[in-house]
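Before any comments, here is the structure.
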Amino acid sequence: MLSDYFELKKRGTNVKTEIVAGITTFATMSYILVVQSSMMADAGMNPKGVMITTALMSGIFTLVSAFYSKVPFALAPGMGTNAIMAYSIVATGQATWQVGVGMFVVTGAILALLTLFKVREDMVRVMPKNIKIGIGAAVGIFLARMAVVNGGYVKEDFSGLGDFSQPAVQLALIGLIITLVLNFIRVDINGKKYQVRGAYLISIILTTVIGIFMGVVKVPSSIVNFDLSSIGDVAFKADVKGVFKFANLPTLIFLLLSDFFSTMGTSLGLAGKAGMLDEDGNFEGISRVFLTDAIGTSVGGIFGITNLQTYVESAAGIEAGGRTGLTAVSTAVMFLLSMFFSPLFLIIPNAATAPVLIMIGASMMEGLKDVDFTTLEWTPLAFMLLTTAFTGDFVLGVALGVIVSAVISVVQYVFTMDRSKMPELGTLIMALVMSIKFFVD
């Protein structure tokens, strides 16, 4: 049944590979359970309730992604917007956390309408082909950049190497060696080469176990938690009415644009990694992904969490062989289990996941082999990649890449009067909309 529904044979995969891939995805993104609850605690919310609700919403909408979109993409509260919620909206006194989560109810509803009217799909269609193909590399740079900081390999401000006298950084180095060995080892038996299946997941588990002996990872006193009553402290508290104040408008626009372009960029990048893009760089199932994210964001807000979006760490499962929605089913099950076994899942340290994310980031740059490297076509993509690398904001990188591409096309048209050089109206509108990013950020 699973094979037929998810078309496993057509996608060149099997049940075992998909399950391992899904667990690998979860292992690389389980940090969100800790980070989300910590940030929202700073905003005055019950951290236990936030953690359980994060696991619940992530699990439910990852299942929706699996069965509706049939893609190996997992969803969870987006990094960045959660920080905006905690430290820019609540900490500054702009609004209460109830109004903050209400903003996500509103933005999710707006994005759902834009998806139903195919506005988001049309914007992807008019995006320059080179940008669509190369966006996966930008996502890879973003992943690797984040991972080298989380692992402690470099200082947070990139002013030099990290402190390798620290046990956590030493563990991250050990984890990187384990990941490299397991990922690239090949054994020749009777003329047939074998490699380690589930290398990334095994690496994460081994590094975590080693961390216990190094004192970096603390074994919890209990691995089971059946008390879910704290959900009531955060769910159904959203103040939607309080959102509609003029002072909240810039923040609302920022959250809307951030979710809009982040989901678009991540989806195209992951689809490229999974071999789902057509010859023009388009992703046939992107509307379903958009709708899942949008509804997830709105419902997530009702339950007291920040915007749910497709997670770039889904690349870990794709790299492990995941190609269908069954991978997402596996990830979703892990999220739902984490509601009851959260102490066990939460011991996975950054030192265990950072090496895997570095490797995945590097592998995602392979998509650059298919881009057009002629000067006029390559320049916008180069702007996108460099902006992502130096700012750590791939949404900003995508915005700048599209704008530069539009400017180059218009200049070509003005000086040559060749109508074929003139970008589509939709491309110009998209560039104009993306330019708002520079004013509301």
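The sequence shown runs 1 to 441 under the working numbering.
Each residue gets a CB set at the ideal place from its N, CA and C atoms; glycine is no exception.
On a predicted model such as this, the values are computed, not experimentally measured, just so you know.
- When rounded, the separation of the alpha-carbon atoms in Ser159 and Ser165 is 17 Å.
- In the structure shown, Lys132 falls within a helical segment according to DSSP collapsed to helix, strand and coil.
- For the 7 Å CB-CB criterion, Tyr311 and Met40 do not form a contact.
- In this structure, Ile360 lies away from Glu424, with their beta-carbon atoms at least 7 Å apart.
- Straight-line spacing of the CA atoms in Met422 and Val209 works out to 58 Å.
- In the DSSP secondary-structure assignment, Gln195 is bridged to Arg186.
- Linking Pro220 to Ile348 through their CA atoms gives a straight-line distance of about 11 Å.
- Secondary structure note for Pro77: its beta strand (DSSP E) is the uninterrupted segment 75-77.
- Fewer than three pairs of CB atoms, one per stretch, sit closer than 8 Å, so the stretch 364-384 makes no contact with the stretch 60-76.
- Sixteen is the threshold: since fewer than 16 other Cβ atoms of the shown chains lie within 10 Å of the Cβ of Gly232, the residue is exposed.
- Taking 7 Å as the cut-off, the beta carbon of Met123 is found closer than this to the beta carbon of Met430.
- Look at Gln309 here: in three-state DSSP terms it is strand.
- DSSP places Arg120 in the uninterrupted alpha helix (DSSP H) bounded by 119-125.
- In this structure, Thr324 is the residue among Arg288, Thr324, Ile223 with its C-alpha nearest to the C-alpha of Gly275.
- Inside the stretch 354-413, DSSP marks whole alpha helix (DSSP H) runs of 4 or more residues at positions 375-391, from first to last along the chain.
- DSSP, reduced to helix, strand and coil, places Leu161 within a strand of the structure shown.
- In the three-state reduction of the DSSP assignment, Leu8 falls in the coil class.
- DSSP lists Phe283 as the bridge partner or partners of Leu277.
- Beta-bridge annotation (DSSP): Val64 is not paired with any residue.
- The closest CA to that of Met146, considering only Ile358, Asn282, Val404, is found on Ile358.
- Nearest to Asp227 by alpha-carbon distance, out of Arg419, Ser409, Met51, is Met51.
- Under a 10 Å Cβ-count criterion, Glu313 is classified as buried, with 16 or more other Cβ atoms of the shown protein chains found around its own Cβ.
- In the same chain as Pro380, and ignoring 5 residues on each side of it, the C-beta atoms closer than 6 Å to its own belong to Gly401, Val404, Ser405, in chain order.
- Going by DSSP, Leu116 is part of the alpha helix (DSSP H) stretching over 97-116.
- A residue is called buried when at least 16 other Cβ atoms come within 10 angstroms of its Cβ; Pro355 meets this threshold and is buried.
- For Asp293, the number of other beta carbons within 10 angstroms of its own is at least 16, and it is reported as buried.
- CA-CA distance, Met364 to Gly272, rounds to 9 Å.
- Between Thr353 and Ala27 the beta-carbon gap is near 7 Å, inside 8 Å, which marks them as a contact.
- Exclusion of the five residues before and after Arg125 leaves Asn282, Gly426 as the residues of its chain whose Cβ lies within less than 8 Å of its Cβ.
- If you compare the alpha carbons of Ile141, Pro343, Gly162 with that of Met384, the shortest gap goes to Ile141.
- DSSP places Tyr31 in the uninterrupted alpha helix (DSSP H) bounded by 31-42.
- In the structure shown, Val217 falls within a coil segment according to DSSP collapsed to helix, strand and coil.
- Its chain contains Ala271, Phe283 as the residues whose beta carbon lies nearer than 6 Å to that of Leu277, once the 5 sequence neighbours on both sides are disregarded; these appear in chain order.
- Sequence-distant partners of Ile178 (beyond 5 residues in either direction) whose C-beta falls short of 7 Å from its own C-beta, in its chain, are Ser203, Leu206, Thr207.
- A residue is called buried once 16 or more other Cβ atoms fall within 10 Å of its Cβ, and Lys132 is buried on that count.
- A Cβ-Cβ separation of about 33 Å leaves Pro343 out of contact with Ile185 under the 8 Å criterion.
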